[in-house]
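**Student:**
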Amino acid sequence: MMKLQVSHLKDGLYTDHLLDAAAAFGFENPDDFTEKVKVDVQIDKRDRDYYIKLNVKTQIELTCDRCLEQYSLAIDDNCSVLFTPNEKLITEDSEFVRLIADNPRELEIDTDVRETVLLGIPIKAICSESCKGLCQCGQNLNISACTCADEKIDPRWEALKKLKKI
Numbered sequence: 006m007m008k009l010q011v012s013h014l015k016d017g018l019y020t021d022h023l024l025d026a027a028a029a030f031g032f033e034n035p036d037d038f039t040e041k042v043k044v045d046v047q048i049d050k051r052d053r054d055y056y057i058k059l060n061v062k063t064q065i066e067l068t069c070d071r072c073l074e075q076y077s078l079a080i081d082d083n084c085s086v087l088f089t090p091n092e093k094l095i096t097e098d099s100e101f102v103r104l105i106a107d108n109p110r111e112l113e114i115d116t117d118v119r120e121t122v123l124l125g126i127p128i129k130a131i132c133s134e135s136c137k138g139l140c141q142c143g144q145n146l147n148i149s150a151c152t153c154a155d156e157k158i159d160p161r162w163e164a165l166k167k168l169k170k171i
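For what it's worth, our numbering labels the leading residue of the sequence shown as 6, then goes sequentially.
1. Measure from the alpha carbon of residue 123 to the alpha carbon of each residue in 147, 38, 162, 95, then state which is nearest.
2. Report all residues from its chain with a CB closer than 6 Å to the CB of residue 10; omit the five preceding and five following residues, and keep chain order.
3. Does the distance from the CB of residue 104 to the CB of residue 127 come in under 9 Å?
4. Kindly identify the DSSP beta-bridge partner or partners of residue 15.
5. With distances taken Cα to Cα, identify the nearest neighbour of residue 42 among 137, 151, 31.
6. Could you pull out every unbroken beta strand (DSSP E) segment of at least 3 residues lying fully inside the region 25-77, listed in chain order?
7. Residue 23: which of 13, 63, 162 sits nearest, CA to CA?
8. Using a 10 Å radius around the Cβ and a threshold of 16 neighbouring Cβ atoms, would you call residue 150 buried or exposed?
9. Report yes or no: do three or more beta-carbon pairs, one from the region 79-95 and one from the region 131-149, lie closer than 8 Å?
10. Counting C-beta neighbours from all protein chains within 10 Å, is the total for residue 142 16 or more, i.e. buried, or is it exposed?
11. Mind checking which residues open and close the beta strand (DSSP E) that includes residue 104?
12. Can you grab the Cα-Cα spacing for the pair residue 119 / residue 159, in whole Å?
13. Select from 51, 29, 132, 16 the residue whose C-alpha is nearest the C-alpha of residue 79.
14. For residue 40, which residues in the same chain have their Cβ closer than 7 Å to its Cβ, ignoring the five residues on either side in sequence?
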């Protein structure tokens with residue numbers, strides 16, 4: 006777990022730099038990470054509240070959804086969270102507000118770091134905008150053109166092919 010020790014902090018602005026393995030955050034495939042997760046933390050303590058800004062950086066190995074080749078993705082994203090003992094600040098829409106005890110010893114930020122990394126991973130992983138993908142025969146079109154015969158079209162779609170020629 007990634008925790009910030011805050012019991013000694015007075016009101017003011019503080020920074021910290023943390024580094025931990027991806028496995029510490031409970032990722033499904035921590036072996037896909039080629040670098041540790043680096044977190045730059047800015048803590049703004051005001052009275053009983055802690056406004057935390059996180060900058061999360063790491064490198065992850067993904068499989069392209071078009072060509073099925075492995076590629077590396079650099080993740081560099083930010084997140085802001087308010088830790089407060091004030092229950093009045095917690096609403097249904099307060100996604101980035103965490104309720105804490107008064108004068109906590111530490112703040113757990115591992116969930117926020119994990120979510121920041123997950124939001125940085127694209128839903129459709131594409132190695133590059135110019136990726137041509139795979140031919141229906143399995144040839145990677147980024148490496149060479151395909152030499153397979155004309156595509157076989159389902160006879161039910163022949164009428165649409167004729168419309169395309171018009």
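No residue lacks a Cβ here, since even glycine has one placed at the ideal position from N, Cα and C.
**Tutor:** In short:
1. 38
2. 111
3. no
4. Note: residue 15 sits in no beta bridge, so no partner.
5. 31
6. 42-51, 54-68
7. 63
8. exposed
9. no
10. exposed
11. 102-104
12. 45 Å
13. 132
14. 63, 64
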